[in-house]
Structures are given as structure tokens and as C-alpha cells.
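Protein chains: 2
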Amino acid sequence: MAETARQIADDLRVRIEAGEFPPGKRLPGEPALVKQYGVAKMTANGALKLLVNEGLAYSKPGSGTYVRDFQPLRRVANKRMARTGWSSGQSVWSPDLGRRDLVVADIRVNEVAAPRQVARALGLDSQDLVLVRSRRFLVDEKPVQLATTYYPASLVAGSAITQQNTGPGGAYARLAELGAEPVQFVEELRSRMPSGTEADLLALPAGTPVMEICRTAFTADGDRVEFNQMLLDAGSYVLEYHFTS
Amino acid sequence: MAETARQIADDLRVRIEAGEFPPGKRLPGEPALVKQYGVAKMTANGALKLLVNEGLAYSKPGSGTYVRDFQPLRRVANKRMARTGWSSGQSVWSPDLGRRDLVVADIRVNEVAAPRQVARALGLDSQDLVLVRSRRFLVDEKPVQLATTYYPASLVAGSAITQQNTGPGGAYARLAELGAEPVQFVEELRSRMPSGTEADLLALPAGTPVMEICRTAFTADGDRVEFNQMLLDAGSYVLEYHFTS
DNA sequence: CAGTGGTCTAGACCACAGC
DNA sequence: CTGTGGTCTAGACCACTGG
Numbered sequence: 022m023a024e025t026a027r028q029i030a031d032d033l034r035v036r037i038e039a040g041e042f043p044p045g046k047r048l049p050g051e052p053a054l055v056k057q058y059g060v061a062k063m064t065a066n067g068a069l070k071l072l073v074n075e076g077l078a079y080s081k082p083g084s085g086t087y088v089r090d091f092q093p094l095r096r097v098a099n100k101r102m103a104r105t106g107w108s109s110g111q112s113v114w115s116p117d118l119g120r121r122d123l124v125v126a127d128i129r130v131n132e133v134a135a136p137r138q139v140a141r142a143l144g145l146d147s148q149d150l151v152l153v154r155s156r157r158f159l160v161d162e163k164p165v166q167l168a169t170t171y172y173p174a175s176l177v178a179g180s181a182i183t184q185q186n187t188g189p190g191g192a193y194a195r196l197a198e199l200g201a202e203p204v205q206f207v208e209e210l211r212s213r214m215p216s217g218t219e220a221d222l223l224a225l226p227a228g229t230p231v232m233e234i235c236r237t238a239f240t241a242d243g244d245r246v247e248f249n250q251m252l253l254d255a256g257s258y259v260l261e262y263h264f265t266s
Numbered sequence: 022m023a024e025t026a027r028q029i030a031d032d033l034r035v036r037i038e039a040g041e042f043p044p045g046k047r048l049p050g051e052p053a054l055v056k057q058y059g060v061a062k063m064t065a066n067g068a069l070k071l072l073v074n075e076g077l078a079y080s081k082p083g084s085g086t087y088v089r090d091f092q093p094l095r096r097v098a099n100k101r102m103a104r105t106g107w108s109s110g111q112s113v114w115s116p117d118l119g120r121r122d123l124v125v126a127d128i129r130v131n132e133v134a135a136p137r138q139v140a141r142a143l144g145l146d147s148q149d150l151v152l153v154r155s156r157r158f159l160v161d162e163k164p165v166q167l168a169t170t171y172y173p174a175s176l177v178a179g180s181a182i183t184q185q186n187t188g189p190g191g192a193y194a195r196l197a198e199l200g201a202e203p204v205q206f207v208e209e210l211r212s213r214m215p216s217g218t219e220a221d222l223l224a225l226p227a228g229t230p231v232m233e234i235c236r237t238a239f240t241a242d243g244d245r246v247e248f249n250q251m252l253l254d255a256g257s258y259v260l261e262y263h264f265t266s
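Line by line, the protein sequences give chains A and B. Heads up, our numbering is the position in the first sequence plus 21, with the first residue counted as 1. Heads up, our numbering is the position in the second sequence plus 21, with the first residue counted as 1.
Below is the structure:
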């Protein structure tokens, strides 16, 4: 009686966390909330929308509102260091991750003048040409990551990096053949809410942030040979970094 | 004329990105939108709420809705590696960050039985005691980070780590004196929307995600001596990682 | 087909800002 | 004090789901 949308949402949140509504379970619908709490339909809708915007639930129009479940992928930035023995600690999240396939789709390759940000990252002039490879990664048909990679065009001209299929070992193997093997990396990472376009491309439910990663790759000589801009569905990923200090 | 909330928000977003409304500028208010687009007040409110939930704007009740501006801090996980010459590439975001002071507040120290997650991370039994240090970091009076650090109680008993002030060089210097200097680290990172409590503690505007970092610290022998759980205001931080592979 | 979530309207009341 | 954002109501229409 005379509850507010926020209070109804709080109530439901408590019951979700208490396990009354396990992941995947349908929450009480708008008509039920209207009857139970004696509020208007719009208020009930607002309460559910709060939960959705918090990323706790998602709604299927015409069907219901359901508790979300998380099964994030684990992205280990530096695999080689991670393999050394000392880092054998247990994972904090998603320790029992089944191995799921990462499918690459929508590969596009073209050559453009270096955008400002890219030129600065790679140490180029803004008139210099860069090779752009963009692609989309899917897991179980669901997009989880957009990636756009830039290479100095003069460096990779004629190599398989300019093809859709970069060949065995991928782009890094080709760079190594060109005498420009990347061995050192810097990643800059932000998190924010997605734009509408980004939300569409990643098929993001409301209430899901994205993680934006800008990775610069260096050769042993300190030359910058790759700039990779990634956009991850934050609900689909746990990132892992290993380092010494 | 019969615009929907989403369309109005799209319109405003375009104009924001075009520079018509620079950061800090007040957006057209609800009454203005009602008149301009011929919609109901609730629709105008919904349009502005969309922008707020995207993190593009914030509203000051009684005053107006304003375009947000970002001035993130830069957190470099491994400072030592970052100092080496090869990583001298330009920063992608916030290149001209002024040096702002990170103030520590609300330090609480106590001893409890290890929570499950902590026990697993530190390789302890759940009956083992851990020393818990929790604190809040502020920049310009605004909270930007919550941190809770756990140490095996038997390791740090009697040291200054059990005090509010850990002394010169901080906790790591004390660990080094105990023969347990942390030199290797694993960080696991997630991003998600905050709970209501977390949003309050960090004074987060709506539409701001948090980044959750779990860091485990190892000695050269591979012993785990610290577990640090951090919660960052995503709008206030850019993270930077350096590594080889 | 009935039930669901999504959205809009028109009007109302409140708390707060800032003059 | 007036103007602002925040929220609620009661009723309406739509598109979609699922039996």
C-alpha cells in the first residue's frame, strides 16, 4: 500500500539476493505488483526498470521479467606470465568456467589515414596510412567483443595481415616474419555505459556497461607496431592481469 | 510533435556530441521539452533520465540537468615496469591530467574469520583469522575508491599493519620487514552497475558503473600474503597495465 | 486468443534551488 | 516566491509472447 517504485525494487532485490528468485526465474509481473502493492501500472513498470538498469534482471516483452545470470569469460592479458607456477592462486570469479568457443565474425579490412588517437598511439603523422582490421567476437551466437586493430600501412603492406585470413599463428606471427614481433604491451582500460550503437552491436541488455581497452604493442626495440581498440560486454568478461613490481 | 522519449534523447545526444552543449552546460529543462516537442512532462522527464542513465548527463533537482564532464585519474598497476623506456607511448585518454591528491579516509582495522572468497584467494582455511583493513579514497572531497585488504592474521600480528597508520613506506614496507615482501601480483577485474549501497558510499551519479578489482600479492617464494578488493568509480579512473608476453 | 511489458498522456503533489 | 526535477496516478494504446 502506497509503496514507491524504489521501495518495491528494494524489496525484490532483497528477495533475489536471498535466493527466492534464482537466475533465470521469472519475477512477479506488473499486474501482480499492481495488485500486491496497490500502485499504478507505471510505478510497477518503474520498479522493474530499476532492476533492469542495475543489471540484475532483463525483460522479455510479452513474456516477463527475469533474473539475470552471469557466466563471464576469462580474458588473461598476458598468458605467458600466467603460466608460471607462482600464480597458481584460485580464481576469484567464475572458477569453473567451461571452455566456450570464441567465434570471429564480420571481419573488415581497409586502409585509411590514421585517426588522431591512432596516430598518437603509434607515433605516426596524421597523413600516414594505417591498415584497419575490425571484427566482432561471438560466443554461443552472442556478440561479446568488438575489436579494431591498426597497423602502420607501410609495415604490413603485402603481408597476410592485409587479408581477411591472416594465416597460421595470426597477425603476430606475420609481424614476427616481418622482423617486428610484438613482445611488450600497454593496455589502457576504461568502463562506461555504451552508446546506443554500441549497445546494438553487442546486443547488450540495459544496465550493462562496456569495458574499453586500448592496447599498444611494442617490439623489443621499442617500436610501436600495433594499436588495438577493444569494446567488451562487461557482463561477459572477467579480465586478468599478471605482473611484477 | 509526437516525438517519443527515445527520439528526444537521441536528438539531445547528437547535439551534445556536436558541441552545442559542452560539459557542464545546462540542457533544456522539462518544461522546454514539453513545449518544443509537444509531449507530456513525464515523457520529457523520461528523455532526460535516459541521458542520465547513459552517464552523459546528471541532474540537480530544483536546478536543471547538465552535461557531465570526465577527468579520470590514471591508475598504473605496475609502476616499475611503466618507468622503463620502451613504454613511452602517448596516453590515449586524459593525457593532460593535473596531479590531484588522493586522500585516505574512514580507515577501519579489525580481525575476523576469513570469508570464503578471501580464504580461497590466500590459501587459508575458513577458520583462519585475517586482518581486515578497509578504507575510502577521496579526490577533491569526492570518493573515488573503496578498498578492503586482507592479511593472514598470523603473519602481520604485532606489526604496524594492525595500526591505522602503517608507517613510512606503508604496508608493503612492513611486509618486507617481516620477510614477506610482495613482488608479484595477479589482478582480476570486473565491471558492473553498483548496488544502492555502493552508489551511496561512492556518491555515484546514476549511469556510472563500478570496476571491481581483486588483487592477490605473492612473495618471491610464491606465498600469498595479501588480498585486496577494490571498488572504483568507473567514471573517475583509467587503468593502465604494462606487461610482456 | 488473453496476458505481458513498453510507452504515452494529463494532471497532481512534493522537495529543493536560487533569486 | 517561482521554477525546477522527481515521482505517482489512472487510463489508454501498441507489439509481442505463448498456449
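Glycine residues also receive a C-beta, built at the ideal position from the N, C-alpha and C atoms. No experiment lies behind these values; they were computed from the predicted model shown.
Check, Outcome
"Alpha carbon to alpha carbon, how far is G188/A from R156/A?", "16 Å"
"Taking the alpha-carbon of V165/A as reference, which of L69/A, V35/A and Y258/A has the nearest alpha-carbon?", "Y258/A"
"Which residues in chain B sit within 8 Å of E261/A, going by Cβ to Cβ distance?", "V207, E208, E209 and L210"
"Counting only runs of 4+ residues fully inside the segment 155 to 232 of chain B, write out the alpha helix (DSSP H) ranges in chain order.", "174 to 177, 191 to 198 and 217 to 222"
"Helix, strand or coil for V16/B, going by three-state DSSP, please let me know.", "Here chain B covers residues 22 to 266 and nothing more, so residue 16/B does not appear."
"Indicate whether L167/B and L225/B have their beta-carbon atoms separated by less than 8 Å.", "no"
"If you measure from the beta carbon of V60/A to each beta carbon in chain B, is any gap under 8 Å?", "no"
"Name the one or two DSSP bridge partners that V60/A has.", "Paired residues: none, contrary to the question."
"Using three-state DSSP, classify L152/A as helix, strand or coil.", "strand"
"Count the other CB atoms within 10 Å of the CB of F158/B; is the residue buried (16 or more) or exposed (fewer)?", "buried"
"Beta carbons nearer than 9 Å to chain A: which residues of the segment 63 to 77 of chain B have them?", "M63, N74, E75, G76 and L77"
"Going along the segment 221 to 238 of chain B in order, which residues come within less than 7 Å of chain A, judged by CB to CB distance?", "G228, P230, M232, C235 and T237"
"At a cut of 8 Å, does the segment 26 to 36 of chain B reach the segment 246 to 266 of chain A through at least three beta carbon pairs?", "no"
"Out of curiosity, what's the CA-to-CA distance linking R129/B and T169/B?", "9 Å"
"What does a CB cutoff of less than 6 Å around E233/A pick up in its chain, not counting 5 residues either side in sequence?", "R211 and L252"
"Got a sec: is the Cβ-Cβ distance from T265/A to anything in chain B below 8 Å?", "yes"
"Report the option in A26/B, A241/B, V113/B and L145/B whose CA atom is closest to the CA atom of P136/A.", "V113/B"
"Residues of chain A with a CB under 7 Å from the CB of V113/B: which are they?", "Q138, A142, E209 and C235"
"Whose C-alpha, out of K62/B, A68/B and A201/B, is nearest the C-alpha of L176/B?", "A201/B"
"Assuming F248/A and A142/A form a contact by the criterion Cβ under 8 Å, report the distance between their Cβ atoms to the nearest whole angstrom.", "4 Å"
"Alpha carbon to alpha carbon, what distance is there between A227/B and D31/A?", "16 Å"
"Write down the C-beta distance between L48/B and L69/B rounded to the nearest angstrom, noting that I regard them as a contact closer than 8 Å.", "7 Å"
"Taking a contact to mean a Cβ-Cβ separation below 8 Å, would you say S80/B touches V73/B in this structure?", "yes"
"Taking 6 Å as the limit between beta carbons, can you name the residues of its chain near D149/B, skipping five residues before and five after?", "A135"
"Interface residues of chain A around R99/B at Cβ under 9 Å?", "Here residue 99/B turns out to be Asn, not Arg, going by the sequence shown. What N99/B touches in chain A: Y262, F264, T265 and S266."
"Smallest Cα separation from Q28/A: which of A65/A, S147/A, Y193/A and G45/A?", "A65/A"
"Apply the 10 Å Cβ neighbour rule to D254/A and answer buried if 16 or more other Cβ atoms are within range, or exposed otherwise.", "buried"
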